[in-house]
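J.: First, the structure itself, so that you have it in front of you.
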Amino acid sequence: MNSNGEYPRPLSKRESEWIGWVLPSGRKGYREFRERLTPLLVIGEGRRGRGEIILGRSGETPDFSTPLPPVFAYGMIESDAGGISITLREMADDQVSVEIVSLRGDDIPGQFAEHRRWTYSTWNPGDACPQCQMECRQIQMRGGADVLPLFTLAICSTDRRLWVHDGFTEVIRLIPVTNFYNELMLHKGIRDPRVALDSKNLFKDLRNYSDGDLGLAFQSYNQLKTKVRGEGFLPVEKPNEKISFKKILHFLKRGFCKGRRRGVSLRRSCRDHGSRQIGYRWPQDRRDTQFHRYTVVVPPSIRRDAR
Ligand SMILES: [Zn+2]
Numbered sequence: 028m029n030s031n032g033e034y035p036r037p038l039s040k041r042e043s044e045w046i047g048w049v050l051p052s053g054r055k056g057y058r059e060f061r062e063r064l065t066p067l068l069v070i071g072e073g074r075r076g077r078g079e080i081i082l083g084r085s086g087e088t089p090d091f092s093t094p095l096p097p098v099f100a101y102g103m104i105e106s107d108a109g110g111i112s113i114t115l116r117e118m119a120d121d122q123v124s125v126e127i128v129s130l131r132g133d134d135i136p137g138q139f140a141e142h143r144r145w146t147y148s149t150w151n152p153g154d155a156c157p158q159c160q161m162e163c164r165q166i167q168m169r170g171g172a173d174v175l176p177l178f179t180l181a182i183c184s185t186d187r188r189l190w191v192h193d194g195f196t197e198v199i200r201l202i203p204v205t206n207f208y209n210e211l212m213l214h215k216g217i218r219d220p221r222v223a224l225d226s227k228n229l230f231k232d233l234r235n236y237s238d239g240d241l242g243l244a245f246q247s248y249n250q251l252k253t254k255v256r257g258e259g260f261l262p263v264e265k266p267n268e269k270i271s272f273k274k275i276l277h278f279l280k281r282g283f284c285k286g287r288r289r290g291v292s293l294r295r296s297c298r299d300h301g302s303r304q305i306g307y308r309w310p311q312d313r314r315d316t317q318f319h320r321y322t323v324v325v326p327p328s329i330r331r332d333a334r
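Heads up: take any position in the sequence shown, counting from 1, add 27, and you land on our numbering.
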């Protein structure tokens with residue numbers, strides 16, 4: 028406990044509500060993160076000063092010996108008191124940094140009128156950008172042997188933001204533009220400093236890069252800074268490829284019978300959609316922003332195999 032007795036303390040009601048909002052419990056990855064936060068208390072202020080709190084175990088003090096972890100969840104509340112951003116970072120040694128700050132740099136008033144709020148945490152492939160509501164470039168990727176697209180890289184040129192949706196955990200990870208752009212320049216063999224050294228060119232020249240270029244750049248980046256599980260995944264080059272119902276059943280059966288992680292994910296989806304059904308997003312046509320939700324009824328034979 029610090030000298031003035033301010034810490035440890037439980038989260039305030041609104042801290043709790045805002046953290047819960049950027050960690051939606053309907054999504055596997057966020058739900059698991061929430062569960063890990065449950066026993067933690069606010070143990071002090073973070074290294075970034077006012078507005079940053081550290082969650083940790085009672086009796087501990089904030090540990091600043093490790094580098095600031097990457098962002099895990101982010102949301103923005105737009106209000107008459109200006110923008111209020113909520114940033115949660117990955118857990119490091121059972122401690123989590125939470126920044127809740129006013130973009131005006133003021134203290135957040137006790138009462139304010141909320142106009143709108145948005146977060147990446149509820150974004151789904153096919154959706155518009157959560158921040159500007161504009162259509163964003165989306166590149167689907169799948170594991171080398173997988174049939175279904177598993178990861179979706181999204182790029183918003185208006186906000187100059189990149190993020191990736193992991194179909195397994197349903198978590199969205201923000202991607203730093205500069206690191207991604209470096210990988211893209213290496214992949215394309217572009218050395219002209221006027222192009223290669225200014226990552227803002229990514230958004231200006233976005234249409235010049237194919238899904239393959241962007242997908243491979245993401246793969247290289249992910250090998251350096253793992254944002255999503257999996258190796259050797261590839262951009263989906265033919266999103267309208269016809270895949271037979273038999274093939275889908277084979278895929279489902281493989282997941283159920285061999286107890287692969289994919290199968291676990293499907294069983295969870297199964298609970299979400301009723302005992303006999305599985306929902307999954309599926310590309311419908313060549314435009315990579317068009318998706319439709321298909322529901323597959325699992326036949327009793329497969330359900331028996333799963334037990
Ligand atoms: Zn946007």
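Note that the Cβ used here is the ideal one computed from N, Cα and C, for glycine as well.
1. By DSSP, does Val222 sit in helix, in strand, or in coil?
2. Below 8 angstroms between beta carbons: does that hold for His214 and Ala244?
3. Check Met161 in the structure and name its three-state DSSP category.
4. Judging by CA-CA distance, which residue of Val198, Met212, Lys227 and Pro37 is the nearest neighbour of Arg188?
5. Between which two residues does the alpha helix (DSSP H) carrying Ala244 extend?
6. Helix, strand or coil: which one does DSSP assign to Met118?
7. Is the closest heavy atom of ligand 1 to the C-beta of Thr196 under 7 angstroms?
8. Does DSSP put Trp190 in a helix, a strand or coil?
9. Measuring only the C-alpha atoms, how far is Phe178 from Met212?
10. Got a list of residues with beta-carbon closer than 5 angstroms to any non-hydrogen atom of ligand 1, in chain order?
11. How do the region 118 to 128 and the region 51 to 68 stand: do at least 3 beta-carbon pairs fall below 8 angstroms, yes or no?
12. How should Leu241 be labelled, buried or exposed, when 16 other C-beta atoms within 10 angstroms of its C-beta is the threshold for buried?
13. Near Gly110, what residues of its chain come up, given a Cβ to Cβ distance below 6 angstroms and the 5 sequence neighbours on each side ignored?
14. DSSP on Thr65, reduced to helix/strand/coil?
15. Within the continuous beta strand (DSSP E) that includes Ile199, where are the two ends?
16. Between Phe230 and Gln246, what straight-line distance do the alpha-carbon atoms span, to the nearest angstrom?
17. Once DSSP output is grouped into helix, strand and coil, what is the label at Trp145?
18. Quick one: using the 10 Å Cβ neighbour count with 16 as the cut-off for buried, is Gln167 buried or exposed?
19. My understanding is that Val128 touches Ser112, with C-beta atoms under 8 angstroms, so please give their C-beta distance in whole angstroms.
20. Within the same chain, show all residues whose beta-carbon is closer than 8 angstroms to that of Ser39, passing over the 5 residues directly before and after it, in chain order.
21. Have a look at Cys159 and Gly86 and give me their C-alpha separation to the nearest angstrom.
22. Relative to the alpha-carbon of Tyr236, which residue among Ile217, Trp48, Leu251 and Glu79 has its alpha-carbon at the smallest distance?
23. Hey, how far is the Cα of Pro94 from the Cα of Met161?
24. Can you list, in chain order, the residues of its chain with a C-beta nearer than 6 angstroms to that of Trp45? Leave out the 5 residues immediately preceding and following it.
25. When we look at the beta-carbon of Asp192 and count the other beta-carbons within 10 Å, is it buried (16 or more) or exposed?
26. Please report the Cβ distance between Lys254 and Asn206, rounded to the nearest whole angstrom; I am assuming they are in contact, meaning their Cβ atoms lie under 8 angstroms.
T.: Put simply:
1. helix
2. yes
3. coil
4. Lys227
5. Asp238 to Leu251
6. coil
7. no
8. Note: Trp190 maps to strand in three-state DSSP.
9. 22 angstroms
10. Cys156, Gln158, Cys159, Cys183, Thr185 and Asp186
11. The region 118 to 128 vs the region 51 to 68: in contact.
12. buried
13. Met103 and Leu130
14. DSSP, read as helix, strand or coil, puts Thr65 in coil.
15. Ile199 to Ile202
16. 19 angstroms
17. strand
18. buried
19. 6 angstroms
20. Excluding positions up to five away in sequence, the list is empty.
21. 42 angstroms
22. Ile217
23. In a straight line, the C-alpha of Pro94 is about 34 angstroms away from that of Met161.
24. Ile113
25. Looking at the sequence shown, residue 192 is not Asp but His. Flag for His192 reads buried.
26. The Cβ separation is near 10 angstroms, so there is no contact.
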